[in-house]
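The sequence shown: position 48 = 48 (the UniProt record's numbering), numbered continuously.
Virtual Cβ for every residue (Gly too), placed ideally from N, Cα, C.
The structure displayed is predicted, hence computed values, not measured ones.
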Amino acid sequence: MTIHKILLVDDSKTELHALSEMLSKRGFVVRTAENGEEAFKRLEEEVPDLILMDVVMPGQNGFQLTRAITRDERYANVPVIMCTSKNQETDKVWGMRQGARDYVVKPVKSDELLAKIKALG
1 MTIHKILLVD DSKTELHALS EMLSKRGFVV RTAENGEEAF KRLEEEVPDL
51 ILMDVVMPGQ NGFQLTRAIT RDERYANVPV IMCTSKNQET DKVWGMRQGA
101 RDYVVKPVKS DELLAKIKAL G
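Written out as structure tokens, the structure is:
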């Protein structure tokens with residue numbers, strides 16, 4: 001599977017802008033959502049090839065949202081990479097238990113993120 005379309009879920013406009021720009025420059029088509037409700041709306045409009053998921057968000061956090069998405073049969077095949085400032089090993093383990101395929105700690109290093117995306121595709 002080639003990864004082309006990415007859904008970026010983060011409540012920080014700064015983070016959304018920085019990551020969108022970095023990924024767009026590398027040829028990815030990026031759509032964004034600022035919370036869980038918006039993320040599901042975007043998923044219903046168009047299923048992406050990958051979801052980059054922040055953890056700390058108002059309302060449904062990224063762990064809960066990842067669990068909901070990966071357990072939904074419509075989106076179960078869409079890989080999720082947690083993309084968060086939570087850098088404890090327990091956070092990473094918990095994220096993977098919720099269904100995430102990988103975990104990247106902010107500030108995101110573009111080379112590291114791109115390598116992880118490439119590994120999925």
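Between the stretch 38-48 and the stretch 94-104 there are fewer than three C-beta pairs closer than 8 Å, too few to call the two in contact.
Between residue 62 and residue 54, the gap from beta carbon to beta carbon is short of 8 Å. Each residue's CA atom was taken as its position, placing residue 38 and residue 30 some 14 Å apart.
Here residue 57 carries a coil assignment [DSSP, helix/strand/coil]. Membership of residue 90 in any beta strand (DSSP E) is not indicated; the residue belongs instead to the alpha helix (DSSP H) covering 89-97. Contiguous alpha helix (DSSP H) elements confined to the UniProt domain "Response regulatory" (5-121) occur at 13-24, 36-45, 62-70, 89-97 and 110-120, taking only those with 4 or more residues. Of the other Cβ atoms in all chains shown, fewer than 16 fall within 10 Å of the Cβ of residue 111; this residue is therefore exposed.
The C-beta distance from residue 8 to residue 32 rounds to 5 Å, short enough to fall under 8 Å. Closest in C-alpha terms to residue 83, from the list 121, 77 and 15, comes 15. Inter-residue distance for residue 19 and residue 86 is about 17 Å (C-alpha atoms, whole angstroms). Comparing alpha carbon positions, the residue from 21, 23 and 101 closest to residue 77 is 101.
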